[in-house]
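Heads up, the thing below is written out as structure tokens.
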Amino acid sequence: MALLQLKSIGQTYFSKTSATTALEDITLSVNEGEFISILGPSGCGKSTLLSIIAGLLLPTTGSVMVNNQPVTQPHPKIGYMLQQDYLFPWKTIEDNITLGLKLRDQNTNEHIQAALRLLKEIGLDHTRSKYPSELSGGMRQRVALVRTLATQPKMLLLDEPFSALDYQTKLKLEDLVSSTLKEHGKTAILVTHDIGEAIAMSDTVILLSSNPGRIFRTFKIPETLKKLLPFEARQHPHFSSTFQQIWEELEHIEQNDNE
Amino acid sequence: MNKTIMNEKHVEFLQSIKKEKRNIRFVQLIMFISFFSLWEVSSLRGWINPLLFSSPTKIWALFLEKIGDGSLYIHVIYTLGETVLGFILGTLLGTLLAALLWWSPFLSKVLDPYLVVLNAMPKVALGPILIVAIGPNFGSIIAMGILISIIITTLVVYTAFQNVDDNYIKVIRSFGGNKKQCFKEVILPACFPTIISSLKVNVGLSWVGVIVGEFLVSKQGLGYMIIYGFQVFNFTLVLMSLLIIALMATVMYQGVELLERKLIKHHIQ
Ligand SMILES: Nc1ncnc2c1ncn2[C@@H]1O[C@H](COP(=O)(O)OP(=O)(O)O)[C@@H](O)[C@H]1O
Ligand SMILES: [Mg+2]
């Protein structure tokens, strides 16, 4: 059964002078344990879509269902990781990663220990009582991941989580995030404008066209790549052929846009 | 490069910083001494009117006398109490009002023009009304200290509340946090630096409010001493009160700065 279902989601932003349609007729379903990437150019509505799934924004039309229940407010089983880490500078790393537990009233010793274990797992045990300003960009993004995972969501929404990092850090984090999510059996939706990242990390890639954002095509990533860690997948011969395929589709989108 | 050479360079660098600091302190001290000496000599020689400008030794003698007979003490305590209460309450109430405006965008839009008018108006002009309304006492003077700082604090802090990055609120909301939690976990702590810096500004404003208040009420305090000294043409008393005010205002300001360094150590991104 599908964990998440989107039923013809549409979003229009209104202002005094205009109405911008950011998304139109987005229908898709995500099964438990699946890793989906949403790929599209800047401004095509990717962040808007994630906000809607996260329950932060009510869509103008259509509905979001989790386990066949409509979502109208932030769902406890959905974790949202924003484009930048947005760690709270005045809180220690420990207080940052347990923030969600506090807000969700799950502030038990057991849950806190689990969060600290995650921090250790991700190699940042020693930063527990430090402040975010003392950490590098990659470390902060890892802490943000732990913060999102601490409330034990079933599904993670990742909004271009690596876009602010340097290339090397990004490659390493891709592996870390991918293996961590797999290990804990999480479902994930990753939003990105990086074709390679989408192929390397996910099972399915959904291409969005822009103005308004619409599902243009859906790609299934070959089994051979799905099994590999992102870094290994990038070396695999199937990677470049898939890349080529998606690249051509993106070119099509641009041509359609220009017409 | 050789490590010992580096170390030597570092020592040299540290020494040069130390030396500069020493020089600055030295010149400051010279200025201080020159000012008071020149004042003393000018007054003694009659270059300036000694009745009007008094002289440091006369002020010092009066100071010792007032401490001796215990009459200074009560005035200082009064003024100090009023000022501290004035700037703390002014900042707290201003922040509270800002929180209210943040909570209700409708209220904020409604109140906007009134706040602008109130902010532009010279608050000390309300002094006489306050005194009649509250009575010529401690209360009306504190009200003056608060009134002079509350509106500007509200405006500054509210602007800071509005400028907090929305994405922090998104984080809170994605964990199911409500509006109250957004305020407590994000808005308020993010604006701590602004609140503390308006505390600093309010120290100065509160002094103005309190001294003017004491001018009007004329019962106790350093403001009263200034007005009294003026009325009996005792300018030694006026200048002594002024110097005490300058000293206390400085100490308060430094105190708030210390608080600032302690409280907002980690706020820099
Ligand atoms: N709060 C908003 N108000 C008005 N327009 C918005 C708002 N947020 C996004 N948009 C518009 O919606 C479109 C999609 O934005 P977004 O979802 O941020 O795209 P992406 O994340 O793919 O870059 C853009 O044209 C953007 O200008
Ligand atoms: Mg975006």
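Chains A and B, in that order, are what the protein sequence lines are.
Numbering of the first sequence is given in our numbering, commencing with residue 576 and proceeding in unit increments.
Numbering of the second sequence is given in our numbering, commencing with residue 2 and proceeding in unit increments.
All residues carry an ideal CB built from backbone N, CA and C; glycine is no exception.
Remember, it's a predicted structure, so these values are computed and weren't measured experimentally.
Next item on the list: Give a single yes or no on whether glutamine 658 of chain A has its beta carbon closer than 7 Å to a heavy atom of ligand 2.
Entry: Position 83 of the first sequence, counted from the first residue, corresponds to residue 658 of chain A. Checking the Cβ of glutamine 658 of chain A against ligand 2 gives yes.
Checklist line | Cβ contact (3+ pairs, closer than 8 Å) linking the segment 82-96 of chain B and the segment 204-216 of chain B | finding: yes
Notebook entry, point to check: In chain B, which residues lie with their C-beta within 7 Å of the C-beta of arginine 679 of chain A?
Noted result: On the first sequence, residue 679 of chain A is found 104 positions in, with the first residue counted as 1. Going along chain B in sequence order, the residues near arginine 679 of chain A (Cβ under 7 Å) are Phe176 and Gly177.
Notebook entry, point to check: Expressed to the nearest angstrom, what Euclidean distance is found between the alpha-carbon atoms of threonine 92 of chain B and isoleucine 34 of chain B?
Noted result: In the second sequence, counting from the first residue as 1, residue 92 of chain B sits at position 91. In the second sequence, counting from the first residue as 1, residue 34 of chain B sits at position 33. Near 37 Å, if we compare the C-alpha coordinates of isoleucine 34 of chain B and threonine 92 of chain B.
Notebook entry, point to check: With burial defined as no fewer than 16 other Cβ atoms inside 10 Å of the residue's Cβ, what is the status of methionine 776 of chain A: buried or exposed?
Noted result: Residue numbering aside, residue 776 of chain A sits at position 201 when the first sequence is read from its first letter. Methionine 776 of chain A comes out buried.
Item checked: Close Cβ partners of proline 797 of chain A (< 6 Å) along its chain, the five nearest in sequence each way excluded -> As a first step, residue 797 of chain A is located in the first sequence; it is residue number 222 there, counting from the start. Correct list, in chain order: His813.
Note to self: Going by DSSP, what residue range makes up the alpha helix (DSSP H) through asparagine 671 of chain A?
What the structure shows: In the first sequence, counting from the first residue as 1, residue 671 of chain A sits at position 96. Run containing asparagine 671 of chain A: 668-672, per the alpha helix (DSSP H) assignment.
Notebook entry, point to check: In the structure shown, what three-state DSSP assignment does alanine 594 of chain A receive?
Noted result: By one-based count along the first sequence, residue 594 of chain A stands at place 19. In this structure, alanine 594 of chain A counts as strand in the three-state DSSP scheme.
Item checked: glutamine 659 of chain A, DSSP secondary structure in three states -> Working through the first sequence from its first residue, we reach residue 659 of chain A at position 84. It is coil, neither helix nor strand.
Note to self: Under 7 Å: does the beta carbon of aspartate 778 of chain A sit that close to some heavy atom of ligand 2?
What the structure shows: Here residue 778 of chain A corresponds to residue number 203 of the first sequence, with the count starting at 1. Not so, every heavy atom of ligand 2 lies at least 7 Å from the Cβ.
Margin query: Please confirm whether histidine 76 of chain B has its beta-carbon closer than 8 Å to some beta-carbon of chain A.
Written below: Position 75 of the second sequence, counting from 1, holds the residue named residue 76 of chain B. Under the Cβ criterion of 8 Å, histidine 76 of chain B is not counted among the residues facing chain A.
Notebook entry, point to check: If we call anything under 8 Å between Cβ atoms a contact, is leucine 694 of chain A one with valine 721 of chain A?
Noted result: The residue labelled residue 694 of chain A in the question sits at position 119 within the first sequence. The residue labelled residue 721 of chain A in the question sits at position 146 within the first sequence. Their beta carbons are under 8 Å apart, which means leucine 694 of chain A touches valine 721 of chain A by this criterion.
Next item on the list: Consult DSSP for tyrosine 588 of chain A and reduce its assignment to one of helix, strand or coil.
Entry: Counted from its first residue, the first sequence places residue 588 of chain A at position 13. Shown here, tyrosine 588 of chain A sits in a strand according to DSSP, grouped into three states.
Note to self: Just to check my reading of the structure: isoleucine 687 of chain A and leucine 676 of chain A have Cβ atoms closer than 8 Å, yes? What is that Cβ distance to the nearest angstrom?
What the structure shows: In the first sequence, residue 687 of chain A corresponds to position 112, counting from 1. In the first sequence, residue 676 of chain A corresponds to position 101, counting from 1. Confirmed, Cβ separation roughly 7 Å.
Next item on the list: Specify, as a first and last residue, the run of the beta strand (DSSP E) that aspartate 734 of chain A falls within.
Entry: To locate residue 734 of chain A, count along the first sequence from 1; it is residue 159. 730-734 is the extent of the beta strand (DSSP E) around aspartate 734 of chain A.
Item checked: Cβ-heavy atom distance, glycine 874 of chain A to ligand 1, below 7 Å -> No information on residue 874 of chain A is available, as it lies outside the stretch 576 to 834 that chain A covers here.
Next item on the list: Identify each residue in the segment 158-175 of chain B for which the Cβ-Cβ distance to at least one residue of chain A is less than 7 Å, and report them in chain order.
Entry: Asn168, Tyr169, Lys171, Val172, Ile173, Arg174 and Ser175
Checklist line | Where glutamate 9 of chain B sits in the DSSP three-state scheme | finding: To locate residue 9 of chain B, count along the second sequence from 1; it is residue 8. If DSSP states are grouped into helix, strand and coil, glutamate 9 of chain B belongs with the helices.
Notebook entry, point to check: At what residue ranges does the segment 89-176 of chain B contain a whole run of the alpha helix (DSSP H), taking only runs of 4 or more?
Noted result: 106-121, 128-135, 139-163 and 167-175
Next item on the list: For phenylalanine 36 of chain B, count neighbouring Cβ atoms within 10 angstroms of its own Cβ and tell me buried if that reaches 16, exposed if not.
Entry: Here residue 36 of chain B refers to the residue found at position 35 when the second sequence is read from its first residue. Exposed: under 16 other Cβ atoms inside 10 Å.
Notebook entry, point to check: When the distance is taken between beta carbons, is alanine 773 of chain A closer than 8 Å to leucine 598 of chain A?
Noted result: To locate residue 598 of chain A, count along the first sequence from 1; it is residue 23. To locate residue 773 of chain A, count along the first sequence from 1; it is residue 198. Contact: no.
Notebook entry, point to check: DSSP three-state call for alanine 739 of chain A: helix, strand or coil?
Noted result: Here residue 739 of chain A is taken as the residue at index 164 of the first sequence, counted from 1. Coil at alanine 739 of chain A, not helix or strand.
Next item on the list: Closer than 7 Å by beta-carbon distance: list the chain B residues that pair up with glycine 675 of chain A, in chain order.
Entry: Counting from 1 along the first sequence, the entry for residue 675 of chain A is found at position 100. Chain B residues near glycine 675 of chain A: Phe176.
Margin query: Please determine whether the Cβ atom of glutamate 607 of chain A lies at a distance below 7 Å from any heavy atom of ligand 4.
Written below: No copy of ligand 4 appears in this structure; the ligands present are ligand 1 and ligand 2.
Check: For the segment 213-223 of chain B against the segment 123-130 of chain B, are there 3 or more C-beta pairs whose distance is under 8 Å?
Finding: Output reads yes: the segment 123-130 of chain B touches the segment 213-223 of chain B.
Notebook entry, point to check: When you compare only the Cα positions, how much space is there between asparagine 50 of chain B and histidine 268 of chain B?
Noted result: As a first step, residue 50 of chain B must be located in the second sequence, where it is residue number 49. As a first step, residue 268 of chain B must be located in the second sequence, where it is residue number 267. Each residue's alpha carbon lies about 53 Å from the other.
Notebook entry, point to check: The alpha helix (DSSP H) spanning isoleucine 627 of chain A covers which residue range?
Noted result: Reading the first sequence from its first residue, position 52 is the one you call residue 627 of chain A. Residues 621-628.
Margin query: Could you tell me which whole beta strand (DSSP E) segments of length 3 or greater appear in the segment 753-779 of chain A?
Written below: 762-767
Next item on the list: Give, in chain order, every residue of the segment 186-208 of chain B whose Cβ lies closer than 9 Å to some Cβ of chain A.
Entry: Glu186, Val187, Pro190, Ala191 and Phe193
Next item on the list: Please determine, among A:Gln810, A:Thr683, A:Arg715 and A:Gly771, the residue with the shortest C-alpha to C-alpha distance to alanine 739 of chain A.
Entry: For the purposes of this step, residue 739 of chain A is taken as the residue at position 164 of the first sequence. Out of A:Gln810, A:Thr683, A:Arg715 and A:Gly771, A:Arg715 has the C-alpha closest to the C-alpha of alanine 739 of chain A.
Item checked: threonine 767 of chain A at chain B interface by Cβ criterion, 8 Å -> As a position in the first sequence, residue 767 of chain A is number 192, starting the count at 1. Output row for threonine 767 of chain A: interface = no.
Item checked: Backbone CA spacing between arginine 789 of chain A and methionine 640 of chain A [nearest angstrom] -> Position 214 of the first sequence, counted from the first residue, corresponds to residue 789 of chain A. Position 65 of the first sequence, counted from the first residue, corresponds to residue 640 of chain A. Answer to the nearest angstrom: the Cα atoms are 19 Å apart.
Check: Quick one: which chain B residues come within Cβ less than 7 Å of tryptophan 665 of chain A?
Finding: The residue you call residue 665 of chain A lines up with position 90 of the first sequence. Chain B residues near tryptophan 665 of chain A: Pro190, His267 and His268.
Margin query: Just checking: is the beta-carbon of proline 812 of chain A within a distance shorter than 8 Å of some beta-carbon in chain B?
Written below: Numbered from its first residue, the first sequence carries residue 812 of chain A at position 237. Proline 812 of chain A does not count as touching chain B.
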